[in-house]
Structure formats: C-alpha cells, structure tokens
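Report on the structure given below.
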Amino acid sequence: MWSTIGQDHLLKQLDAGLLAGRLAHAYLLSGPPHVGKMTLALDLAAAVNCAVLGGKQVGSMFGEPDDARGPCGNCDPCARIRRGVFADLKIVAVGGDPRVATRISIDQVREAESFLAVTPVEGSWKVVIFDGAETLSAGQSEPANALLKTLEEPPPQVLVLLLTTNEDAILPTIRSRCRHLSLRPMPGDALYGCLASRPGVGSDTARRLARLARGCPGWALRALEDPGLLEAYREQLAQIASLSSSPLDVRFNYANSLAGSFSGDREAVRQELYLWERWWRDVLLIKEGLAERVHNDDWRDELATQANASETADIVTFLESVRETLGALDANVNPRLALECMMLAVPASVA
Ligand SMILES: [Zn+2]
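49 is the number that the working numbering gives to position 49 of the sequence shown; each next residue is one higher, with no gaps.
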C-alpha cells in the first residue's frame, strides 16, 4: 500500500512503471510544504526495494496493472525504510553539513555520490533523497554541477529523488534529466474525509484542520498528533495580525529577529512567510467579497478590519513581495535585506 494520499494521478503512473519495470533513475517531486513529497519519496524507495513487489515485477505475467498498490509495507525492506534504518537509503537535507546551514553543500553531494557508487548491500536499489533541492544552486554552482554528473551517467539500480517547494529554482539542466512528479494539494472535501475517517477524530476537528491545512495532509496529520501545533499556529497568526498594523520600526525589528533565526532553521522562516501569504490572501478574499473561501476562518473579524483598511493593489503587491522573498531566500541573498524589503511592502492602512 502506498502511504501517500491525495496523489492518485501520480500513483497510477508509478504503479504502471513499477509493474513494467520502467522507472526513471531520477525524479523531481515538487509541491507545497507538507503536501507529501517526503512520504512519496519514501514510498518510492520502498517500492523499488520491496521484496513482495519485486516478486510481482518478475511474475508480472499473472498480475494485471490494477493489482499494483505500491510497496507491501510489511516486508523487511519496506519496514526498515519506513523506520529510516535502511542501509541503501540516504536522505540529504539542508543543514546536514554543520558548516553550511542554509543549503545542501558540495560535500553532502559528494558523499551521496560515493554512496551511490557502491552496489546495494541490503536491498536491490540505492536511493538518495535530496530534501530542499532548490538550494543546490543557491549562490553556488559546485553542488548542482556535481549532481548533474551523476544524473548524466547514473550507476545502475540507482534512484535519485529531488524534493522541492520551488521547482523554478532548480537548474533547467537538472530539471531536464528528471521525470517530474507534481504533487497537488488535496481538495478540501477529500482531506476532510480522510481526517474524519481516523478513529477518534470528530467532524468539527476534521473540518477545521482540513480548512487550515490548505490541501496539505502532512500538516493536518501532525496537528492531530500534536495539539501544540495549532496553538503555535494561532500565536504566529496573532503576531502577523498585529505586525500588519504596526509601525515600520516594529516590523523591521521583527525582520531582523526572523533573519537571525534563518541560519538555524531555514524551514521555520519559510513557513512563517507562507503564513504571511495566507493571511493577506485571506484579506484579499474578503476584500473581493469571497469571505466564505478564507482559510483562517477563526480570524474573520481581524481579516475584515484589515480588508477595510487596505487597498486591493497594495495587497496584490505585497503577495508578490512574499513570493519574491521566498525566491530570494532560496537564492541565498542576505535574509535580513530580503525580509526588510518584504516588511516595507506590508499594505499601509488607509486613513
Ligand atoms: Zn514490501
């Protein structure tokens, strides 16, 4: 069974490829945070190493493509991959090199290359997952170029999976050597159904989380397990609501402190920017008379106040500025400068 949910369009394609023994050696998995990129990557790592599915491939004569349902999930390789203790799987993440906190370093790519050069010891395929692949070419060319060499002449039985929230930041030379899997946010109804079907989850909770998660099941499932996540989310929104009507010096102080945490936790800063984007997207929806579509439903009064006080054009400009800032952070520009520019673009209240 695939663990991935809400991506049936991709799973169908992968099932067919697995049964026919026709997988690409490199995939680019793109989509918003928590949409399920890592889950699908681990699913794929399990699928190529699964003892049961491997048998099916060999004997595909007696299996119709519809029989395929991804890795079995129970055999030894499947179980070990899900536990993250499989010798032929390597996950390369941003910050994995303590000397380079905000991107994947050349040394990490070289280590991955050496790992791939050795034949599998535990399963039948070597798999490397690059999480945060957009940083491979951030202000540097060596890591991307080194990876390019592997993609051009891949060793046999090797699977390279690049995960990114920003496919535009992946070099075209790398992109063109990968098969692209674009993960889509799940429709709200489908996510609601998936959450509500879990034991002990009431329909109100399922509805609220499905709305807040914006189609990203990873976030909703984490929030179910950890109620602290919802509280932290509420606090962050309260801060954004307050900063949105604060004087520039207060917003600059905030930009400064956020920039200071970038080298320690790049992903947390990105997440905070997504919250800014969501907040002002909701303000824009209210401004345009589409209040029923806002995600932060609990904040409707605050959103409406800001909608009344802001001009549509300014909100649109700010939303563009948030996108640019996310791109600039991926490109490794000075985070403080980028965040200050974003703070300058916060829509001014109309007196
Ligand atoms: Zn298995």
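Cβ coordinates follow ideal geometry from the N, Cα and C atoms, glycine included.
Nothing here was measured: the structure is a model prediction, and the numbers come from that model.
> Leaving out the 5 sequence neighbours to the left and right, which residues in its chain are closer than 6 angstroms to Asn-166 when beta-carbon positions are compared?
Replying inline: To locate residue 166, count along the sequence shown from 1; it is residue 166. Hits under 6 angstroms: Glu-134 and Asp-330.
> Does DSSP put Val-109 in a helix, a strand or coil?
Replying inline: Residue mapping note: residue 109 aligns to position 109 of the sequence shown, counting from 1. Helix, per DSSP.
> If you compare alpha carbons, which of Leu-159, Thr-150, Asp-76 and Val-118 is closest to Ile-91?
Replying inline: Taking the first residue of the sequence shown as position 1, residue 91 is located at position 91. Cα-wise, what sits closest to Ile-91 is Leu-159.
> Taking the beta strand (DSSP E) that Ser-30 falls in, what are its first and last residues?
Replying inline: Translated into the one-based positions of the sequence shown, residue 30 becomes position 30. Per DSSP, Ser-30 belongs to the beta strand (DSSP E) from 26-30.
> With a Cβ-Cβ cutoff of 8 angstroms, do Leu-353 and Phe-130 count as a contact?
Replying inline: The chain is shown from 1 up to 351; residue 353 falls before or after that span and cannot be answered.
> Tell me which same chain residues have a C-beta within less than 7 angstroms of the C-beta of Ala-213, skipping the five on either side of it?
Replying inline: Residue numbering aside, residue 213 sits at position 213 when the sequence shown is read from its first letter. For Ala-213, where only same-chain residues beyond five positions count, the Cβ hits under 7 angstroms are Leu-191, Trp-219 and Ala-220.
> So who's on the other strand from Lys-287, going by DSSP bridges?
Replying inline: Residue numbering aside, residue 287 sits at position 287 when the sequence shown is read from its first letter. By DSSP's assignment, Lys-287 forms no beta bridge with any residue.
>> If you measure between the beta carbons of Arg-175 and Ala-146, is that distance less than 8 angstroms?
In response: Residue numbering aside, residue 175 sits at position 175 when the sequence shown is read from its first letter. Residue numbering aside, residue 146 sits at position 146 when the sequence shown is read from its first letter. Going by C-beta atoms, Arg-175 is not nearer than 8 angstroms to Ala-146.
> CA-CA distance, Val-127 and Thr-325?
Replying inline: Translated into positions along the sequence shown, residue 127 becomes position 127. Translated into positions along the sequence shown, residue 325 becomes position 325. Straight across, the Cα-Cα distance linking Val-127 with Thr-325 is about 32 angstroms.
> Going by the C-beta, is Cys-50 closer than 7 angstroms to any heavy atom of ligand 1?
Replying inline: To locate residue 50, count along the sequence shown from 1; it is residue 50. Ligand 1 approaches Cys-50 closely enough that one of its heavy atoms is under 7 angstroms from the residue's Cβ.
> Would the C-beta of Gly-123 count as close to ligand 2, meaning under 7 angstroms from any of its heavy atoms?
Replying inline: Ligands displayed in this structure: ligand 1; ligand 2 is not among them.
> Heavy atom of ligand 1 less than 7 angstroms from the Cβ of Gly-70, yes or no?
Replying inline: Counting from one through the sequence shown, the residue named residue 70 turns up at place 70. Result no, Cβ not under 7 angstroms from ligand 1.
> For the region 163-208, which segments carrying the alpha helix (DSSP H) assignment without a break, of at least 4 residues, lie completely within its bounds, in sequence order?
Replying inline: List check, alpha helix (DSSP H) in window: 172-175 and 188-196.
> By how many angstroms is the C-alpha of Glu-113 removed from the C-alpha of Leu-230?
Replying inline: As a position in the sequence shown, residue 230 is number 230, starting the count at 1. As a position in the sequence shown, residue 113 is number 113, starting the count at 1. If you draw a straight line from the Cα of Leu-230 to the Cα of Glu-113, it is about 40 angstroms long.
> If Glu-277 sits next to Leu-319, beta carbons under 8 angstroms apart, how far is it from one beta carbon to the other, in whole angstroms?
Replying inline: As a position in the sequence shown, residue 277 is number 277, starting the count at 1. As a position in the sequence shown, residue 319 is number 319, starting the count at 1. Correct: roughly 6 angstroms between the Cβ atoms.
> What residue does the alpha helix (DSSP H) around Leu-303 start on, and which one ends it?
Replying inline: Indexing the sequence shown from 1 puts residue 303 at position 303. From DSSP, the alpha helix (DSSP H) with Leu-303 extends over 300-309.
>> If you reduce the DSSP assignment to three classes, tell me which class Phe-130 lands in.
In response: Locating residue 130 in the sequence shown gives position 130, where the first residue counts as 1. Phe-130 falls in the strand class under three-state DSSP.
> In terms of residues, what are the limits of the alpha helix (DSSP H) holding Ala-313?
Replying inline: On the sequence shown, position 313 is the one that residue 313 refers to. Unbroken alpha helix (DSSP H) run through Ala-313: 312-330.
> For Ser-30, which option in Ile-5, Val-48, Ser-182 and Leu-258 has the closest C-alpha, if you only look at C-alpha atoms?
Replying inline: Residue 30 sits at position 30 when you count from the first residue of the sequence shown. Nearest C-alpha to Ser-30: Ser-182.
>> The beta strand (DSSP E) that contains Ile-91, what's its start and end?
In response: Taking the first residue of the sequence shown as position 1, residue 91 is located at position 91. Residues 89-93.
> If you draw a straight line from the C-alpha of Ile-240 to the C-alpha of Trp-279, how long is it?
Replying inline: The residue labelled residue 240 in the question sits at position 240 within the sequence shown. The residue labelled residue 279 in the question sits at position 279 within the sequence shown. Those two C-alpha atoms are separated by around 8 angstroms.
>> At a threshold of 7 angstroms, does Leu-53 count as lining ligand 1 (C-beta to nearest heavy atom)?
In response: Taking the sequence shown and counting its residues from 1, the one referred to as residue 53 is at position 53. Within the cutoff, so yes.
>> Can you tell me where the alpha helix (DSSP H) holding Ile-240 begins and where it ends?
In response: The residue labelled residue 240 in the question sits at position 240 within the sequence shown. Looking at the DSSP string, the run of the alpha helix (DSSP H) that includes Ile-240 is 227-244.
> What separation, rounded to the nearest whole angstrom, lies between the Cα atoms of Ser-124 and Arg-80?
Replying inline: As a position in the sequence shown, residue 124 is number 124, starting the count at 1. As a position in the sequence shown, residue 80 is number 80, starting the count at 1. Using only the alpha carbons, I get a separation of about 14 angstroms.
> Taking Cβ positions, are Leu-28 and His-180 nearer each other than 8 angstroms?
Replying inline: Taking the first residue of the sequence shown as 1, we reach residue 28 at position 28. Taking the first residue of the sequence shown as 1, we reach residue 180 at position 180. Against a cut-off of 8 angstroms, the Cβ pair of His-180 and Leu-28 comes out as a contact.
> How is Asp-97 classed by DSSP in three states: helix, strand or coil?
Replying inline: In the sequence shown, residue 97 corresponds to position 97, counting from 1. For Asp-97, the secondary structure class from DSSP, reduced to helix, strand or coil, is strand.
> Quick one: is the Cβ of Pro-120 within less than 7 angstroms of any heavy atom of ligand 1?
Replying inline: Position 120 of the sequence shown, counted from the first residue, corresponds to residue 120. Ligand 1 never approaches Pro-120 closely enough for any of its heavy atoms to be under 7 angstroms from the residue's Cβ.
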